[in-house]
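Residue numbers (numbering that gives the first Met the number 0): 0 to 412. These notes are about the structure you will find just below.
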Amino acid sequence: MKSSLRRLGRILPWLQTGWSILGVTLVMVVLLELGLRGVFLLKDRWKPQIPPDPRVVSEVRDGGAWLPLHYRELEALSDRWQPYVYFRQRPFLGQTVTVLEEGLRATWQPPPWQGDDERAKPLKILMLGGSSLWGFGARDDQTIPSLIARGLHERGVRAEIRNLAEIGYVSTQEVIALIRELQQGYRPDLVLFYDGVNDSTSALLEGQPTVTTKEVNRVREFNILQSPARLASALAGNLIQSSALFRFAGSMGRRSGLGRVKEPKAPSETELIGLSMGVVRGYVANVEMVEALGKAYGFRPVFVWQPDIFSKPKLVPFEAEEEAKYGWARSLFTEVHRQLERADALVSNPDFLNLSGIFSETGSLQFLDFCHTTEEANARIAEVLVSKLLEIVMIAPGAPTPQALSFGRKLKL
0 MKSSLRRLGR
10 ILPWLQTGWS
20 ILGVTLVMVV
30 LLELGLRGVF
40 LLKDRWKPQI
50 PPDPRVVSEV
60 RDGGAWLPLH
70 YRELEALSDR
80 WQPYVYFRQR
90 PFLGQTVTVL
100 EEGLRATWQP
110 PPWQGDDERA
120 KPLKILMLGG
130 SSLWGFGARD
140 DQTIPSLIAR
150 GLHERGVRAE
160 IRNLAEIGYV
170 STQEVIALIR
180 ELQQGYRPDL
190 VLFYDGVNDS
200 TSALLEGQPT
210 VTTKEVNRVR
220 EFNILQSPAR
230 LASALAGNLI
240 QSSALFRFAG
250 SMGRRSGLGR
260 VKEPKAPSET
270 ELIGLSMGVV
280 RGYVANVEMV
290 EALGKAYGFR
300 PVFVWQPDIF
310 SKPKLVPFEA
320 EEEAKYGWAR
330 SLFTEVHRQL
340 ERADALVSNP
350 DFLNLSGIFS
360 ETGSLQFLDF
370 CHTTEEANAR
380 IAEVLVSKLL
390 EIVMIAPGAP
400 TPQALSFGRK
410 LKL
């Protein structure tokens, strides 16, 4: 008994010393963390706004004075949970970005209709896509849907446009979003899909086609509340990664060349072809499903493959830098374009429109990054799509009337 007490007496001072060292270390870590947080807070408050590039500001519409504000408003957006499709934007009211209560981007609305038949029902057009159609880089009234709404109005077409596009959505999410709209009783006359970039990028990042962007995060989050160990690990990891010490270590690593951001691993040629074929095959399947829904629910679908910077031959210096920055994706996008041209189901489909080459002869700035277009480019795209929509409803661009619109709609659907 006495020997045990003597051993305990020898151990206790070591334990006390260890606890003291641990306590002092924790206090120092907390003080260092608080100090670094204060430094970073001041640095972030006073650092210049990085996006957008001054060259972009100088070339966009209206002198670009609104663009820095637009990027700040984009940063202020936040998501909320949405059944089946994961997320939608929370309501937001800014000077360049307005997100309505239901989570949809605001679209330009025409003045009250005044014509021969004020009771004529408007042409209901539902639009689905990712951030390009949502309007990343454009003010509310300069998004592609808004410009289409204005273009149809100027041609005498009474249209009601609902922009269901969402930042980051792939075409399969959009099909599900369409199904939910139909399930809830909405009955559009035309449904326009505007896709390509997110389907391609998600396939490259996830290593498989037809999955959502950052699907790996959804896998990590699955049933995490039912596993205390996983939840604790996730909380600890998030606490570390959001700490000022972690940010400081990353900054020092980048300066020393040890912490450079790694580009996604480039797939082999065989993997590249497989991914590209999978992207197009999945897209074709979605087209066929939407066409079947159109026959069942009485709407006419339009499928648009969006342009990207890799399909624009004449690049201004800023665009060339963006293309180089996203060079890791160039091979896949090029192969996807090649597979699109070989897809008979799309090439022979009168309701499919490939806009990959819409800027092939344009030498001015059209892209804000590798995929998001300027307001000027949006106007060009909208002009083409307005003509396509008028063609589909069999209305001459001259002077359509609500009666002709109704007749054309019944004839084509």
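Built from N, CA and C at the ideal position, the CB exists for glycine as well.
Who are ASP194's beta bridge partners in DSSP?
BP columns for ASP194 point to TRP304.
Pull the bridge partners of PHE351 from the DSSP assignment, please.
Answer by DSSP bridge pairing, in chain order: PHE302.
GLY167 to VAL392, Cα distance in whole Å?
Going by C-alpha positions, GLY167 is about 30 Å away from VAL392.
Measuring CA to CA, which of LEU384, VAL286, GLN225 is closest to ASP343?
Nearest in C-alpha terms to ASP343, of all of LEU384, VAL286, GLN225, is VAL286.
Can SER201 and VAL169 be called in contact, C-beta distance under 8 Å?
Yes, these two residues count as a Cβ contact at 8 Å.
6 Å CB neighbourhood of PHE425 in its chain, flanking five on each side removed:
Absent from the model: residue 425. The displayed extent of the chain is 0 to 412, so no value can be given.
Under the three-state DSSP convention, the category GLY293 falls into
In the structure shown, GLY293 falls within a helical segment according to DSSP collapsed to helix, strand and coil.
Nearest residue (CA-CA) to TRP107, options ARG161, GLN305, GLN81:
Taking only the C-alpha atoms, the option nearest TRP107 is ARG161.
List the residues that DSSP assigns as beta-bridge partners of MET126.
DSSP, once it has assigned bridges, lists ASN162, LEU191 as partnering MET126.
Measuring alpha carbon to alpha carbon, tell me which residue in ARG89, ASP52, VAL84, GLN94 is nearest LEU68.
When only C-alpha atoms are compared, the closest one is GLN94.
Short of 8 Å in beta carbon distance, which residues of its chain neighbour SER19, apart from the five on each side in sequence? Order them along the chain.
Shown here for SER19: not one same chain residue has a beta carbon closer than 8 Å to its own, the five before and five after excluded.
Presumed contact (8 Å Cβ cut-off) between VAL96 and ASP139, rounded CB distance
That belief holds up - the Cβ atoms of VAL96 and ASP139 are roughly 7 Å apart, short of 8 Å.
Beta strand (DSSP E) containing ARG219: first to last residue?
No beta strand (DSSP E) holds ARG219; the alpha helix (DSSP H) holding it covers 214-220.
Determine contact between the region 362-380 and the region 287-294, defined as no fewer than three beta-carbon pairs at a distance below 8 Å.
Taking a cut-off of 8 Å on C-beta distances, the region 362-380 does not touch the region 287-294, as fewer than three cross pairs fall below it.
Taking contact to mean at least 3 C-beta pairs separated by less than 8 Å, is the region 133-147 in contact with the region 176-186?
Flag = no, the region 133-147 and the region 176-186 do not touch.
Under a Cβ-count criterion, where at least 16 other Cβ atoms within 10 Å of its own Cβ denotes burial, should PRO312 be classed as buried or exposed?
Under the 10 Å beta carbon count, PRO312 is surrounded by fewer than 16 other beta carbons and is classified as exposed.
Who are the near neighbours of ARG9 in its chain, counting only those whose CB is closer than 6 Å to its CB and skipping five residues on each side?
Once the five neighbours on either side are set aside, ARG9 has no close Cβ partner at all.
Output the distance between the C-alpha atoms of ALA137 and ALA381, rounded to the nearest integer angstrom.
C-alpha separation (whole angstroms): 13 Å.
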